[in-house]
Structures are given as C-alpha cells and as structure tokens.
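Numbering (full-length UniProt numbering), first residue to last: 1 to 556.
Report on the structure given below.
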Amino acid sequence: MHTELPTPAPLAPGAMRVVPLGGLGEIGRNMTVFEFDGKLLIVDCGVLFPEEHQPGVDLILPDFGPIRDRLDDIVGLVLTHGHEDHIGGVPYLLRERGNIPVIGSKLTLALLAPKLKEHRLKDVPMHVVSENDVESFGPFECEFVAVNHSIPDALAVAIKTAAGVALHTGDFKMDQLPLDGRITDLRAFARLGEAGVDLFLTDSTNAEVPGFTTAEKSITPAIDAVFARSKKRIIVASFASHIHRVQQVLDAAVKHNRKVAYVGRSMVRNMQIARELGYLNVPDGVVVDKIDAAPPEQMVLMSTGSQGEPMAALSRIANRTHPQVHLEPGDTVLLASSLIPGNENAIYRVIDGLTKLGANVVHKGNALVHVSGHASAGELLYCYNIVQPSNVMPVHGEIRHLHSNASLARQTGVPNTIIAEDGYAVDLVDGHASIVGAYDVGYVYVDGSSIGDVTDSDLKDRRTLAAEGFISVIAVIDSATGKIVSGPEIHARGLAEDDAVFDAIHPKVVSALEEALADGARDTDALQQVMRRVVGSFAGRRLRRRPLIIPIVLEA
Numbered sequence: 001m002h003t004e005l006p007t008p009a010p011l012a013p014g015a016m017r018v019v020p021l022g023g024l025g026e027i028g029r030n031m032t033v034f035e036f037d038g039k040l041l042i043v044d045c046g047v048l049f050p051e052e053h054q055p056g057v058d059l060i061l062p063d064f065g066p067i068r069d070r071l072d073d074i075v076g077l078v079l080t081h082g083h084e085d086h087i088g089g090v091p092y093l094l095r096e097r098g099n100i101p102v103i104g105s106k107l108t109l110a111l112l113a114p115k116l117k118e119h120r121l122k123d124v125p126m127h128v129v130s131e132n133d134v135e136s137f138g139p140f141e142c143e144f145v146a147v148n149h150s151i152p153d154a155l156a157v158a159i160k161t162a163a164g165v166a167l168h169t170g171d172f173k174m175d176q177l178p179l180d181g182r183i184t185d186l187r188a189f190a191r192l193g194e195a196g197v198d199l200f201l202t203d204s205t206n207a208e209v210p211g212f213t214t215a216e217k218s219i220t221p222a223i224d225a226v227f228a229r230s231k232k233r234i235i236v237a238s239f240a241s242h243i244h245r246v247q248q249v250l251d252a253a254v255k256h257n258r259k260v261a262y263v264g265r266s267m268v269r270n271m272q273i274a275r276e277l278g279y280l281n282v283p284d285g286v287v288v289d290k291i292d293a294a295p296p297e298q299m300v301l302m303s304t305g306s307q308g309e310p311m312a313a314l315s316r317i318a319n320r321t322h323p324q325v326h327l328e329p330g331d332t333v334l335l336a337s338s339l340i341p342g343n344e345n346a347i348y349r350v351i352d353g354l355t356k357l358g359a360n361v362v363h364k365g366n367a368l369v370h371v372s373g374h375a376s377a378g379e380l381l382y383c384y385n386i387v388q389p390s391n392v393m394p395v396h397g398e399i400r401h402l403h404s405n406a407s408l409a410r411q412t413g414v415p416n417t418i419i420a421e422d423g424y425a426v427d428l429v430d431g432h433a434s435i436v437g438a439y440d441v442g443y444v445y446v447d448g449s450s451i452g453d454v455t456d457s458d459l460k461d462r463r464t465l466a467a468e469g470f471i472s473v474i475a476v477i478d479s480a481t482g483k484i485v486s487g488p489e490i491h492a493r494g495l496a497e498d499d500a501v502f503d504a505i506h507p508k509v510v511s512a513l514e515e516a517l518a519d520g521a522r523d524t525d526a527l528q529q530v531m532r533r534v535v536g537s538f539a540g541r542r543l544r545r546r547p548l549i550i551p552i553v554l555e556a
C-alpha cells in the first residue's frame, strides 16, 4: 500500500513509535499503537461502516497485521469514549488475545460489555479510570483528562515515557455550557503543555469548519419548537449512544406532556446502561415500554437509524417493513444527527421515503436540531496555543481534514507537523517526530461470519454483478479424445436480454474451443479463458456491457 516507504526498522532504544492502524484518511476504525521499550499500548479500536461501493460488507476493521506477531507485548488497550468508531473493533482484537487489559471510563466500558458478551468473550480484564487519574501500564504512564464530546465520560490521554509525552485528545470539542456540566479540562491541557508535550495527536473532523462548534444547549429551543407544533406522534432518530440528545428529548417530552418509548435494540440497551449509571436522568413515568402506551399526539418514539442504515429502525419505518411502527400522515420525524460522509444518499433516501408517507421531516438541513461533537478550527487554535506542542500529528479525519488541522497548527507556530496515513510509523527521537517507514495495511472486511476473507477483488466482482450482470458458459470435454462432449451452454442473469441472443455467438465459442483443443490444449483453465475471451468480446461489442463471465470446463 505504501510502496514508496520502507518497512520500519526495529525501534531504536529510548525512542517512542506511533503507528495509526485506522482513522487517518477516513472517519472510522480509529486505532493507534504506541511502542516503547519493547511494549505496545493501543488507543481505541473502532469500526468503519461500509459505503455503497462495498456491497455485502457488514463492518470494516483496522488491520491488525503489524501487531499480530506481537500480541503478547500489548500492555493495555485505552478507550477514549464509547462510540462505535472507537470501540466496535475491540471484540475482534480480543479474539486474537483475550486477556489484553481494557482501560476506559465507567460508561465506555459499560457500553463495551454487551459487545464482549455477544462475541462470547469472558474474563477480559477491565480497568475503570476517571479524569485526573494517573496509571502505569508497562513502561507507559497514562494521565487521563476530561474532554467534552457528544457522549458522556470521554477522555483524552497523556502517554508519558522516557522518550517524551504524547497527548491524544480522542474525540473532543470545547462546549462551554455542556448539558452535563463536564467541560474539556483546558487547565490540564495547559499544565501538560507547561511540562512539555512532545507529540500532540488531535481530532481533525471539523478542522475545515471555521469558528466554534455550536453549544448543545442551543438546539434545545429547536427541539422544543418541533414538539410545540407537532399535532401527532413524534419519532426522533439519533445515534444509539447520543445520551445528551436523548436527555433533551426526555426533557421536551415532560414539558409537552408526552410519553417516550425506545425503538431499536441498541437504543433500548444503551439507555438502560446510561440510566443505571446515572448519565441519563429519566423523570418518573415518562418512559414507557409500548409504542402505543398513549394516544399518538402524546407519544414520542426514540429510534435508531439516523444514518440511513438499511436494517435500523428508521429505514424500516420508511420502507414500511418495521413490524411495529407504521407511519401515519402528519407524524413528525426529527433526525437529530449529522450526515456522516458517505451516508448522504442513504439518509436522503430515508427522508424521501418518510416524506412520501406523509411525515413532516425535520433535519439538520432545515432546522438547528443537531450540533457536532467535534472541535472546529477556532477551538483547535486555542488548544495549540494552550499546549504549545513540539510536534503535531492530526488524527481522526479524511485527508483534507488532516491537512486543514496541520495548517492550523503551523499558523500557531508549531515547529513540526506530520501528515501520516494508516500504517505509517512515526518515531519520536530526542523531541523530534518523523515518519520512518510504513507497514502494508488495508481494509479488513467483516462479511457475515468471515473476517478478512473478502478482498477488494471480491467487491469489484460484486459491483460488476450489480451493474453489468452475469454470464455463465459451461462446456464438457472428453479429456482422452479432446472432443466437446456437451455444450457450451450460455446463460445470463441480470441482462435485459433473452438467452437466445447468444445463439449468434455459440458457433464461435465452439470453433474457438475446437481450435484450442486441436492445438493440444487440455488445461481447463486455458480452455476457460478461451471461452471467456469470445463471450466477453461479444458482450462488449453487441450488448455494450461488461458482465461478470464465469466459464466452466468439465472433463468427462
């Protein structure tokens, strides 16, 4: 993947190496490996959700290849917060070594626990930490810092070794009036900066967005207005982990005398966890078990599926395939989330489907009903001026986000900025960070029960099947005489043509096969290529298509 860079040499004594295995060049599958003194500390292990050009794929994982033969060197896995793009890959890593200590805040580990249970992973060492805690894992001393994000209990981590200090923000913003009163601890950032931060790894998601991210409190009036004008049932779609947003919906429901029912397995599970741990304040009597526990004008459904995921509750409601929720004209649907890059088409399809069914759809495009969980350019500038790091390595973002973030760092006078990609090895030596090589990493696809078996070539075949159709060509050859015993039979699927269209090409396939056999060809692979060439040429010339062609030669 990175042919221009050499494979990194073993780490020199006294140096620290940082290797991102996911999250650089994409929004998802965040994972960063820190190496010092022969030991590894991992920060986050998330998943990436597939896009339309990856048909059939369920999830995409970081590539564990560079650390697979060093699993015993891992002293801990630090989780910055409980979003899927940071914890979703943890069970897959623990399948490879089940006793890696997992370190995170109370809520983060509580959200991880059901995933481990689902994957039948038992006896995983779980280590709860809070802001201001300082803990050592092998040669790494970790100080945890409170940061504000769109999920409670998020943490940044300062990783201290004899080679220097790396400060990883995780996902964060600087909301000064957060709903839970827990702000990003800039005093800790300043204290760490005073002592010296050698490498600052910062969230780049909103680095292109000027100014400051809008405060969560500012959307309360917009949600309130939706509730005030809605005459029938309200369906709110959000991430199943967006506890702050659910809190705002619960508060609005109480104010407008409505009941709330959760729809979607992950929503039910996560809100139960959040309530039990005290992160969600549920007023008495507002949450009900049944979606029809009150008349429609007094009901709110809190649903999953804000990203247009095909199997999530909202998509099924829009497609009229949800077993319980049937939309009525005049219902209001509130999409309380951002559009994750790559999901726009799926989300707009859901919005169109809901609108066609007569719903009033309120979304980020037509009302202030969502704010981002990530720091905008103004907040990042503040951080660089407060921390004054020697080296900055932007993380968590697509390529343009990383470059924008690096530009902000340079504007504040940061001496050295590094634009890395997944697999790059960045060594911190004597206070200076530089790229020293790259490991060959790629996407690891989870497809049903298979992990990593599906290749980019398989996905190309799937896209061809979807766009161009499929032709099979089957012939039986007598291996002794070299004569065609049966066929070739040509059948097509997904082409707007009858099989009779291939009558014209049949004699040419026969003669090409006979010619190859007369020349002494007996290898079935070679004979299959002969059939593929003739049929492929015909399909391209006559049908103006490039279908997937499966030639099969059987020996009698």
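The C-beta atom is built at its ideal place from N, Cα and C for all residues, glycine as well.
Considering only residues of the same chain and omitting the five flanking positions on each side of residue i, which have a CB-CB separation below 6 Å?
i	result
Gly-76	Leu-41, Pro-101, Ile-103 and Phe-137
residue 558	Nothing in the structure corresponds to residue 558, since the chain is present only between 1 and 556.
Tyr-279	Leu-107, Pro-152 and Ile-243
Gln-345	Residue identity check: residue 345 is Asn in the sequence provided, not Gln. Correct list: empty, nothing qualifies.
Thr-214	Val-371
Arg-245	Ser-238 and Ala-336
Thr-7	Gly-437
Under 7 Å Cβ to Cβ from residue i, same chain only, skipping five residues before and after it: list those, please.
i	result
Met-1	At Met-1, the pLDDT of 47 sits below 50, so the modelled position is not reliable and the matter cannot be decided from this model.
Ala-553	The sequence given here has Val at residue 553, not Ala. Once the five neighbours on either side are set aside, the close Cβ partners of Val-553 are Ala-475, Ile-477, Thr-524, Leu-527 and Gln-528.
Gln-324	Ile-291
Val-268	Tyr-262
Phe-212	Ser-376, Gly-378 and Glu-379
Glu-26	Leu-48 and Glu-398
Taking DSSP as the reference, what is the three-state secondary structure of residue i?
i	result
Cys-142	strand
Phe-200	strand
Arg-533	helix
Gly-76	strand
Pro-10	coil
Phe-64	coil
Pro-91	helix
Val-444	strand
Met-1	Its pLDDT being 47, under 50, Met-1 is placed unreliably in this model, and the coordinates cannot settle the point.
Thr-220	helix
Asp-289	coil
Val-325	coil
Leu-543	helix
Please list the terminal residues of the continuous beta strand (DSSP E) segment that includes residue i.
i	result
Val-102	102-104
Ser-407	Looking at the DSSP string, Ser-407 is not in any beta strand (DSSP E); the run it does join, the alpha helix (DSSP H), is 399-411.
Val-33	31-36
Glu-489	483-493
Ala-555	The residue asked about is misnamed: residue 555 is Glu in this sequence, not Ala. Start and end: 548-555.
Arg-17	16-22
Ser-472	470-478
His-127	126-128
Leu-334	332-335
Lys-39	39-43
Tyr-279	From DSSP, Tyr-279 is part of no beta strand (DSSP E); its letter is neither H nor E.
Asp-422	No beta strand (DSSP E) holds Asp-422; DSSP gives it neither H nor E.
Phe-137	134-137
Leu-167	164-168
Sorted by chain position, which residues of the same chain lie with C-beta nearer than 8 Å to residue i's C-beta, five sequence neighbours on each side aside?
i	result
Lys-508	Val-534 and Phe-538
Pro-125	Asn-99, Ile-100, Pro-101 and Val-102
Leu-192	Glu-143, Val-145, Ala-158, Val-165, Leu-167 and Val-387
Leu-111	Gly-82, Ile-87, Ser-241, Asn-270 and Ile-273
Gly-65	Tyr-439, Asp-440 and Val-441
Ala-228	His-256
Measuring from the CB of residue i, is there a heavy atom of the ligand MN at a distance below 6 Å?
i	result
His-86	Although the ligand MN was asked about, the structure shown includes no ligands whatsoever.
What are the boundary residues of the alpha helix (DSSP H) that includes residue i?
i	result
Thr-150	Checking the displayed sequence, the identity of residue 150 turns out to be Ser instead of Thr. Note, Ser-150: premise wrong, no alpha helix (DSSP H); not H, not E.
Gly-193	186-195
Ile-317	313-318
Ala-512	506-518
Is there contact here, the region 399-409 with the region 232-241, by at least three beta-carbon pairs under 8 Å? Output reads no: the region 232-241 does not touch the region 399-409.
Should the region 198-213 be regarded as contacting the region 376-388, the criterion being three or more beta carbon pairs within less than 8 Å? Segments in contact, yes.
Assess, as a yes-or-no matter, whether the region 210-227 is touched by the region 364-383 under the definition of 3 or more beta carbon pairs within less than 8 Å. The region 364-383 vs the region 210-227: in contact.
Is the region 255-268 in contact with the region 281-300, if contact means three or more CB pairs nearer than 8 Å? The region 255-268 is in contact with the region 281-300.
May I have a chain-ordered list of the beta strand (DSSP E) segments no shorter than 3 residues that lie completely inside the region 245-274? Listed in chain order, the beta strand (DSSP E) runs fully inside the region 245-274 are 259-263, counting runs of at least 3 residues.
Considering only residues of the region 337-382, which uninterrupted alpha helix (DSSP H) runs meet the minimum length of 4 residues and lie entirely inside it, listed in chain order? For the region 337-382, whole alpha helix (DSSP H) runs of length 4 or above, ordered along the chain, are 344-356.
Three or more beta-carbon pairs under 8 Å between the region 205-213 and the region 109-117, yes or no? When C-beta atoms of the region 205-213 are compared with those of the region 109-117, fewer than three pairs fall below 8 Å, so the two segments do not count as touching.
Cβ pair count under 8 Å reaching 3, the region 327-339 against the region 358-367: Contact annotation: the region 327-339 touches the region 358-367, with at least three C-beta pairs closer than 8 Å.
Sufficient close CB pairs (3 or more, under 8 Å) joining the region 167-182 to the region 294-304: No, the region 167-182 is not in contact with the region 294-304.
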